[in-house]
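Data first, discussion second: the structure below is written as structure tokens.
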Amino acid sequence: MTESNKTTRRPRHLPDPTFISTTVDRWGGRLVECRDLWDGYSLHDAVLDSTPLKKCQWATLFAYMHRRFGLPHMGGDDYKDLSASWMLTTPDREVFVRVNPSLSGPGFSLAPYLLMPRDTTNRVHRASELNLPTERVAAIRKAYRTALLDLLRPVCVRDSDINALGVLGDSALDQALMETDEDEASDAYKLRFHPSCGYSMPLGLFGGNDWPILCSLIRHLGDGDMEAGRAKALEVLQRDVYGEAAGAGWQVHRLMLLSARNQRGAVAAGLGLVPGDVARFDAELKSFHDRESTDRSIADEMTDAVVNSASDFLKRLGLPDMELGE
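Residue numbers for the sequence shown follow my numbering, beginning at 34 and rising by one.
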């Protein structure tokens, strides 16, 4: 066969283009590890061994998970585990994959879980006790494998791309993972890194015996939704400061709006300002930046007392003051 007649064989182990795994922390029941459905265990998992993930290393797996999914959200053993872990979805609503990068090997780092039927929660302790039909076991295996292959999707770190196996190189699989879709408008498999990347975790905030209490309080404020609870917590913590700042006068309010930038709408609402006040601010700011305008009253009203007051309120609200006092 001549070189021109050779056909390029597509790599076998590519992610499912119709599925992208996400993190999950609620599933409405009890989960049990389900490798026993196919006589699998941590040191020998036929499904895991059928994928490139059988060669994943704990360090690269952890780096990838952190970059793609953010901080781990499932608690673990502080002595045995490298860190907390991640619980991921699969195409099957009753099957999940726990990722807990382990120095003991891939079989300890990646494990499938099955949601127990509600009527068996108190009677079944192993998935194999359910005596599931062969077709259901095959579907569970397929969902698990699909989620494993999804961890081959690249995410970027500056000019490099990584997946659960490390930095992508020149192999046929890696090159296929970097392909674009048919119209070349977007990447076929590549994903954006997690929004939390780059955010710091202040010393003294994370961890400690009262950390679960803080998380529980925030979850309660949001009726089980952590994002909604976080917004409610901010509202509660800022309420008294806004109440005090509301009476500080227009000169202080103007400086607070000027410094708030992308939080300007929230600050205006917190101060109780009406649309007319915001329109006044926009007009005054436009006039101040107009070189032909002779009105410099805004600058004259920025006394030390006004600047210090606006800066103090912003700091107490947890907002940047754009170094007003400098």
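Beta carbons: idealized from backbone N, C-alpha and C, even for Gly.
Our two residues, leucine 115 and glycine 298, have alpha carbons roughly 42 Å apart in a direct line. If you draw a straight line from the Cα of glycine 262 to the Cα of alanine 293, it is about 23 Å long.
Secondary structure note for alanine 144: its beta strand (DSSP E) is the uninterrupted segment 143–148.
Taking 7 Å as the cut-off, the beta carbon of alanine 279 is found closer than this to the beta carbon of leucine 304. Here serine 344 carries a helix assignment [DSSP, helix/strand/coil]. Shown here, cysteine 189 sits in a strand according to DSSP, grouped into three states.
Taking leucine 148 as the centre and dropping the five residues before and after it, the same chain places the C-beta of Trp60, Gly62, Leu64 and Glu127 closer than 7 Å to its C-beta, in chain order.
Judged by beta-carbon spacing, threonine 56 lies within the 7 Å limit of tryptophan 119, meaning their Cβ atoms are closer than that value. Residue burial annotation: asparagine 242 is exposed, with fewer than 16 other C-beta atoms found within 10 angstroms of its C-beta. Nearest to serine 342 by C-alpha distance, out of Ile195, Leu288, Asp323 and Arg313, is Leu288.
For histidine 46 and cysteine 248, the gap between their C-alpha atoms comes out near 39 Å.
With fewer than 16 other CB atoms across the displayed protein chains lying within 10 angstroms of its CB, histidine 322 is exposed. Our two residues, leucine 181 and valine 274, have alpha carbons roughly 48 Å apart in a direct line. For arginine 131, the beta-bridge partners assigned by DSSP are Met120 and Ala144. Across the set Lys88, His253 and Lys175, the C-alpha of Lys175 shows the shortest separation from the C-alpha of threonine 122.
Bounds of the beta strand (DSSP E) holding leucine 64 are 64–66.
Within the model, the alpha-carbon separation for alanine 197 versus leucine 290 is close to 44 Å.
Judged by beta-carbon spacing, proline 48 lies within the 7 Å limit of arginine 186, meaning their Cβ atoms are closer than that value. Taking C-beta separations shorter than 8 Å and ignoring five residues to either side along the sequence, the partners of histidine 253 in its chain run Gly262, following chain order. Look at the stretch 53–110 and you find these whole runs of alpha helix (DSSP H), each 4 residues long or longer: 79–82 and 91–102. According to the DSSP secondary-structure assignment, valine 200 is paired through a beta bridge with Ile195. Alanine 92 places its beta carbon 7 Å or farther from that of proline 105. Going by DSSP, proline 245 is part of the alpha helix (DSSP H) stretching over 244–254. Taking C-beta atoms as the reference points, phenylalanine 102 and histidine 227 count as a pair closer than 7 Å.
Cβ contact annotation for isoleucine 251 (same chain, cutoff 7 Å, sequence separation greater than five): Met259, Gly262, Arg263 and Ala266, in chain order. A distance of 7 Å or more separates the beta carbons of proline 124 and cysteine 67. Separation of aspartate 354 and glycine 240 (C-alpha to C-alpha, rounded to the nearest whole angstrom) is 29 Å.
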